[in-house]
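Here the structure is laid out as structure tokens; the discussion comes afterwards.
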Amino acid sequence: MKRLPLLAALPLLCASALSAQPLMSVGYFNGGGDVTAGPGGDIDKLDVRQITHLNYSFGLIYNDEKDETNAALKDPAHLHEIWLSPKVQADLQKLPALRKQNPDLKVLL
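Mind the numbering: the sequence shown is residues -20 to -1, 1 to 89 in mature numbering (1 follows the signal peptide of the UniProt record, and there is no 0), read in order.
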């Protein structure tokens, strides 16, 4: 019977231990360019101080897909290579500056 109060408090102790974990705030950024329907976002307007993780897209892998409409991805000499549009390449060059604004930023490509 003496253990009952301890057992009753156990869920509260576990919950407080879990809530001590830092929260993640993930931002999704559409690089756009030649590979998407739209122009993509402006990476210079992105405030990375508000997020912990940045999910950046798009890089395309050439896989000889039958219905591919992007001419840059139809060259068989580049099979299984990652193709980055000029806009995406320019954005990726800016990632070190973004990391200076938020040194703990994790970038997912």
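Positions of the beta carbon are idealized from the N, C-alpha and C atoms, including for glycine.
Can you tell me whether DSSP reads K80 as helix, strand or coil? helix
Quick check: D34 and G11, are their CB atoms within less than 7 Å of each other? The identity of residue 34 in the sequence shown is Leu, whereas the question assumes Asp. Going by C-beta atoms, L34 is not nearer than 7 Å to G11.
State yes or no: is the C-beta of Y42 within less than 7 Å of the C-beta of L59? yes
Which residues bound the beta strand (DSSP E) around K86? K86 to L88
Can you check whether the CB of D71 is closer than 7 Å to the CB of I23? yes
Chain-order list of residues whose beta-carbon lies under 7 Å from that of L75 (same chain, five-residue window excluded): V87
Going by DSSP, what residues sit across from L40 in a beta bridge? W63
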